[in-house]
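The structure under discussion appears below in the form of structure tokens.
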Ligand code: ATP
Ligand code: MG
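Numbering (the working numbering), first residue to last: 123 to 343.
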């Protein structure tokens with residue numbers, strides 16, 4: 123991570139970080155990250171595959187190394203995208219607050235941090251560890267996702283809504299009803315996944331025979 127150097131002259135480094143299971147990464151993630159980068163003038167977007175996701179621990183997930191490799195393959199042609207091993211090298215469950223703290227430890231006050239999520243994930247925010255501290259330390263970009271209307275935010279967040287929404291920017295992106303669950307299921311059914319994920323990721327999935335036995339593929343979306 124230290125290869126992302128702060129800008130000279132005390133200027134802020136503006137980073138977007140996108141956490142996820144990325145099992146596998148797909149064009150929904152990539153389009154969202156690229157749109158966020160442009161709209162919020164981010165210097166880089168750092169993809170952070172989760173090690174042991176606290177919300178998904180009960181389900182079967184591909185190994186961290188497979189998910190890391192696929193994420194690397196997917197971002198290699200974008201000079202503004204990079205991948206961090208921060209969470210996969212942590213042995214315990216990875217909480218967003220710990221990740222955010224690690225970034226601030228490296229860049230001190232020279233960092234402006236945007237956490238990029240889909241609208242579904244931002245709805246989980248109040249269940250996150252130390253969400254108040256999280257809101258104090260970074261901004262959020264919540265991207266539209268089919269099935270998750272922004273209007274739901276107010277209802278779901280309840281009394282926390284005014285505080286949360288101050289730090290959350292809503293990002294309209296071309297709606298893409300695509301999820302990793304959808305891709306895993308299609309692979310298991312022998313259906314094509316061409317154009318749903320970069321070609322290198324598609325080849326990696328076949329080469330390593332990922333998702334072939336995803337019989338009762340659980341929808342984790
Ligand atoms: P799964 O189906 O396994 O849950 P997923 O497609 O939801 O996978 P995750 O790795 O869970 O992918 O998501 C990482 C982040 O990317 C989350 O913040 C999620 O909301 C966001 N995201 C995933 N797919 C999309 C999409 N099509 N549009 C916008 N955001 C998305
Ligand atoms: Mg998901």
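Backbone N, C-alpha and C fix where the C-beta goes; we use that ideal spot for every residue, glycine too.
The continuous alpha helix (DSSP H) containing residue 186 extends over residues 186-197. Here residue 159 is buried: its Cβ has 16 or more other Cβ atoms, across all protein chains shown, within 10 Å. Inclusion of residue 142 in the 8 Å shell around the ligand MG follows from its C-beta lying nearer than that to a non-hydrogen atom of the ligand. Given a length threshold of 3 residues, each whole run of the beta strand (DSSP E) inside the stretch 260-284 is given here in chain order: 261-265.
Here residue 141 really is in contact with residue 170; their C-beta atoms are around 5 Å apart, less than 8 Å.
Of the residues assessed, residue 306 falls on the buried side of the cut-off, its CB having 16 or more other CB atoms within 10 angstroms.
According to the DSSP assignment, residue 239 belongs to the beta strand (DSSP E) that extends over 233-240.
Contact annotation: residue 334 and residue 147 have beta-carbon atoms that are not nearer than 9 Å. The beta carbon of residue 251 is closer than 6 Å to those of 217 and 219 in its chain, skipping five residues each way along the sequence.
Non-local C-beta neighbours of residue 191 in its own chain, meaning closer than 8 Å and more than five positions away in sequence, comprise 326, ordered along the chain. Setting aside the 5 residues that flank it on each side, residue 263 is surrounded in the same chain by 158, 236, 238, 291 and 293, each with a C-beta closer than 6 Å to its C-beta; the list follows chain order. Going by beta carbons, residue 302 and residue 144 fall inside the 9 Å limit.
If you draw a straight line from the Cα of residue 225 to the Cα of residue 185, it comes to about 24 Å. Assigned with DSSP and collapsed to three states, residue 289 falls in coil, not helix or strand.
Of the residues assessed, residue 229 falls on the buried side of the cut-off, its CB having 16 or more other CB atoms within 10 angstroms.
For residue 140, the beta-bridge partners assigned by DSSP are 169.
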